[in-house]
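Number of protein chains: 2
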Amino acid sequence: MAENYSVTPWEVKGKVDYDKLIVQFGTQKITDQLRRDLQSAVGELHPMLRREIFFSHRDFDIILKEWKEGRSFFLYTGRAPSLGMHIGHMIPFVFTAWLQKKFGVNVYIEITDDEKFMRNLEYSLDQTRQWALDNILDIIAAGFDPDKTFIFQDTEYIRNMYPLAIKIAKKLTFSEVKATFGLDVSSNIGIIFYPSLQIVPTMFEKRRCLIPAGIDQDPYWRLQRDIAESLGYYKAAQIHSKFLPPLTGPEGKMSSSVPESAIYLIDDHKTVERKVMKYAFSGGQPTVELQRKLGANLDVDVPYQWLYYFFEEDDQKIKRIAEEYSSGKMLTGEIKQILVEKINSFLDLHRERRERARDMVKDFKYEGRLARAMWEKIHE
Amino acid sequence: MAENYSVTPWEVKGKVDYDKLIVQFGTQKITDQLRRDLQSAVGELHPMLRREIFFSHRDFDIILKEWKEGRSFFLYTGRAPSLGMHIGHMIPFVFTAWLQKKFGVNVYIEITDDEKFMRNLEYSLDQTRQWALDNILDIIAAGFDPDKTFIFQDTEYIRNMYPLAIKIAKKLTFSEVKATFGLDVSSNIGIIFYPSLQIVPTMFEKRRCLIPAGIDQDPYWRLQRDIAESLGYYKAAQIHSKFLPPLTGPEGKMSSSVPESAIYLIDDHKTVERKVMKYAFSGGQPTVELQRKLGANLDVDVPYQWLYYFFEEDDQKIKRIAEEYSSGKMLTGEIKQILVEKINSFLDLHRERRERARDMVKDFKYEGRLARAMWEKIHE
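Pasting the structure below:
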């Protein structure tokens, strides 16, 4: 059956039908019951859970069940470093930091400076490592615990990971990884090995690993789930998010290679205002008169969706905005102005935290309690 | 044109025509002139050079020319660890140690505990690392300089090699490596990456690298020669040896998987005597009378070839043996007895050196002058 959208780890096209995607991918929907269980475990629900931005999972129900029985887990996420991060990139980090705060568990963040270098002919290793250092500041700014979070670059931590990596590699053939990772016989031999390095952190502890990520990343972890138990570890659990739509329209996902589609973490107030006013795709009517009469279509309106997905955490306020904008009481220019202010205050706070992060890099990478323990450990 | 032999990095079959092989592989013969140049550079020629056991090369002439101009080089060899080493395995190490002594240059010895593990379903990583430690004793016994030799295991030294390894990997596609390394789409993704780790040590110094090895290893280094200059390094020079024939016949090469074909470094006096007497393929005549009358065929006689290749360094003595045995003055039992004594005294001395090597492992791996410098260096 042909769909009007497609979701792979390297491309998201069209307007995604998330209910269908759950069926296609064979994941589980996050049910009301599961949300209640989570709320009863940690006392509250993050807005991204209340609003079903995180909407799908694998084995998150088992994680919660075992948690209630006194068994813990750990969190794992990562990033392929890039020249600059945009707002969409922050979603998994903000959510992972929240989970860490609520459960008090360890977080491992893999910075794949090797993968980024090997995937792109035009990048040098110096560049991807420079970006790694830069991106780490943004990641720390999401609010992780420096004694319970280990941030590591593959090119630095490889010694500690390699014995386990080759045990994983020995269980994965080229045929098995090529479709999932978009490889073929013209791929270089480094990027072919890389999937094993992505799997290693799911086995950093002999506990269940929970990976918060966009649902497009799910195929990568299926390989892990195929082999984990044969190596004496758990299948990786996941909690999947929808995609923050690009500024320019409700289809696909925000992309670094289309600058007007994204707000970067370094965009200043004026740039944010210009981008939102000029490019943000509107579900409002073409004239004030029509808008007053017919109201906006929230389903395709990007400013509304950004507020709903990320920037307006207050449920009362987002409800009021939805009512006023869809009824025509609020105009497109007004909701865009609300978004501009929300983005700018988020970015102001983010950049403050980012500056404070500079002194904390050494803790996350080398000297914090977890980091120290990790440098002493060879994963076998 | 079909040949009666075949030489690949993973199999040697038939009686090799070494002159033809030079043409097929596109290597250079070691000429009388080159031998004279080497002798004038270092004062003497190793028996393996005088007898053309080392018979072929790539760029060894350039190495010698540059040496005379005051430019140095370094040596690189390695080993995939195995349960026990046999006498054939010692040839490159004995010869490399001689080159080191004569030129006073650095030697790097890579122990591929990762490759051995990944290539063989039945081996555990613990096993291949245990064999690595054991084999290192035999290697040290060949007589390397502890301050100018660095012996390293891939699984330990990977951090220092990985940045350069991924730069190499980025230049090699699956298509390019698969034929050379005998891989296909059912190969595991670790062994596909491994060729880049084998190439890294050829770039440990910004000098020419000389690799002494069996000629069957030549194809591996062609990949290196294709990419080295684009990374700012030299094409690896090589000096190639013929194969010590298996005890059981003049064809193929000695194999660990056929125990009666090889003498192991741990074989005791009785075992050596039994193997040689029972299995050594003879070019002598079936009866004493015929032998006295017709003499032995040295071309197929394994005891003679082993003496010639390795065990009888004295040119006068080997000449006398050749004359007496081929003329029928010497009997098969007598040449076998000479070989048994030679092997046993080699093994006695080897095992003495091997015992002394135990205290030197830490120098070769970590604490010697070169080893210390190498652990401080990240290869980029």
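In order, the protein sequences belong to chains A and B.
First residue of the first sequence? That's 21 in the numbering used here, and the numbers climb one at a time after it.
First residue of the second sequence? That's 21 in the numbering used here, and the numbers climb one at a time after it.
Cβ coordinates follow ideal geometry from the N, Cα and C atoms, glycine included.
Remember, predicted model here, so these are calculated numbers, not experimental data.
Nearest-angstrom Cα distance between Glu64 (chain B) and Gly46 (chain B)? 28 Å
Three or more C-beta pairs below 8 Å linking the region 253–264 of chain A and the region 187–206 of chain A: no
Are any of the Cβ atoms in chain A nearer than 8 Å to that of Pro170 (chain B)? Pro is not the amino acid found at residue 170 (chain B); the sequence shown has Phe there. Not an interface residue.
Please list the terminal residues of the continuous beta strand (DSSP E) segment that includes Thr352 (chain A). Thr352 (chain A) -> not in any beta strand (DSSP E); alpha helix (DSSP H) instead, spanning Thr352 to Ala377.
Straight-line CA distance for Asp81 (chain B) to Ser92 (chain B)? 13 Å
Inter-residue spacing [alpha-carbon to alpha-carbon] between Pro112 (chain A) and Leu95 (chain A): 11 Å
Spell out a yes or no on whether the region 146–161 of chain A and the region 217–224 of chain A are touching, meaning 3 or more CB-CB pairs, one atom from each, closer than 8 Å. no
According to DSSP, Arg228 (chain B) sits in a beta bridge with which residue or residues? B:Phe93
In its own chain, which residues sit with a C-beta less than 6 Å from the C-beta of Asp37 (chain A), not counting the 5 before and 5 after it? none
Of all the options A:Ala185, A:Tyr254, A:Leu58 and A:Ala282, which has the alpha carbon lying nearest to the alpha carbon of Leu267 (chain A)? A:Ala282
Through-space distance from Asp174 (chain B) to Met394 (chain B), alpha-carbon basis: 13 Å
Using a Cβ-Cβ cutoff of 7 Å, what residues of the region 121–142 of chain B are near chain A? List them in chain order. Asp134, Phe137 and Met138
Please give me, in chain order, every unbroken run of the alpha helix (DSSP H) with length at least 4 that falls completely inside the region 317–357 of chain B. 322–326 and 335–347
In the DSSP assignment, what residue or residues form a beta bridge with Phe172 (chain B)? B:Glu130
Are the C-beta atoms of Lys226 (chain B) and some chain C residue less than 8 Å apart? In the displayed structure, chain C is absent; the protein chains listed are A and B.
Just to check my reading of the structure: Gln325 (chain A) and Pro265 (chain A) have Cβ atoms closer than 8 Å, yes? What is that Cβ distance to the nearest angstrom? 6 Å
Check the Cβ of Pro183 (chain A) against every Cβ in chain B and list those closer than 7 Å, keeping chain order. Leu145 and Thr175
Any C-beta of chain A under 8 Å from that of Val205 (chain B): yes
Are Val27 (chain A) and Ile231 (chain A) close, meaning C-beta to C-beta below 8 Å? It is not a contact, given that the beta carbons lie outside the stated cut-off.
Beta-carbon proximity check, Met223 (chain A) vs Tyr253 (chain A), cutoff 8 Å: yes
My parser needs the alpha helix (DSSP H) runs of 4 or more residues fully inside the region 42–93 of chain B; what are they? 52–62, 67–70 and 80–88
Measuring straight from C-alpha to C-alpha, what distance separates Glu361 (chain A) and His106 (chain A)? 17 Å
State the start and end residues of the unbroken alpha helix (DSSP H) segment that holds Gln244 (chain A). Asp238 to Ile247
For the structure I just gave you, are there three or more beta carbon pairs, one from the region 98–105 of chain B and one from the region 125–139 of chain B, closer than 8 Å? The answer is yes - the region 125–139 of chain B touches the region 98–105 of chain B, with three or more Cβ pairs under 8 Å.
Give me, in chain order, the residues of the same chain whose beta-carbon lies closer than 8 Å to that of Val308 (chain A); leave out the 5 immediate sequence neighbours on both sides. Result list for Val308 (chain A): Leu351, in chain order.
For Ile259 (chain B), write down the residues that DSSP places opposite it in a beta bridge. B:His77 and B:Pro232
Quick check on Asn24 (chain B): does DSSP put it in helix, strand or coil? In the structure shown, Asn24 (chain B) falls within a coil segment according to DSSP collapsed to helix, strand and coil.
Count the other CB atoms, across all protein chains shown, that sit within 10 Å of the CB of Lys298 (chain B); report buried if there are 16 or more and exposed otherwise. exposed
Going by the DSSP bridge assignment, what does Gly124 (chain A) pair with across the sheet? Answer is none; Gly124 (chain A) lacks a bridge partner.
CB contact check: Lys210 (chain A) to chain B, cutoff 8 Å: Here the sequence assigns Gly to residue 210 (chain A), which means Lys is not the residue at that position. Yes, its Cβ sits closer than 8 Å to a Cβ of chain B.
In chain order, what residues of the same chain have a beta carbon less than 8 Å from the beta carbon of Lys313 (chain A), not counting five sequence neighbours either side? If we look at Lys313 (chain A) and ignore the five residues flanking it on each side, its Cβ neighbours are Gln305 and Gly348.
List, in order along the chain, the chain B residues whose C-beta lies closer than 7 Å to that of Lys187 (chain A)? Leu145
Closer than 7 Å, Cβ to Cβ, to anything on chain A: give me those residues from the region 369–387 of chain B, in chain order. none
Closer than 8 Å, CB to CB, is Thr193 (chain B) near chain A or not? yes
Ala189 (chain A): buried (16+ other C-beta within 10 angstroms of its C-beta) or exposed? buried
Residues bridged to Tyr284 (chain A) by DSSP? In the DSSP output, where bridge partners are listed per residue, Tyr284 (chain A) has A:His106.
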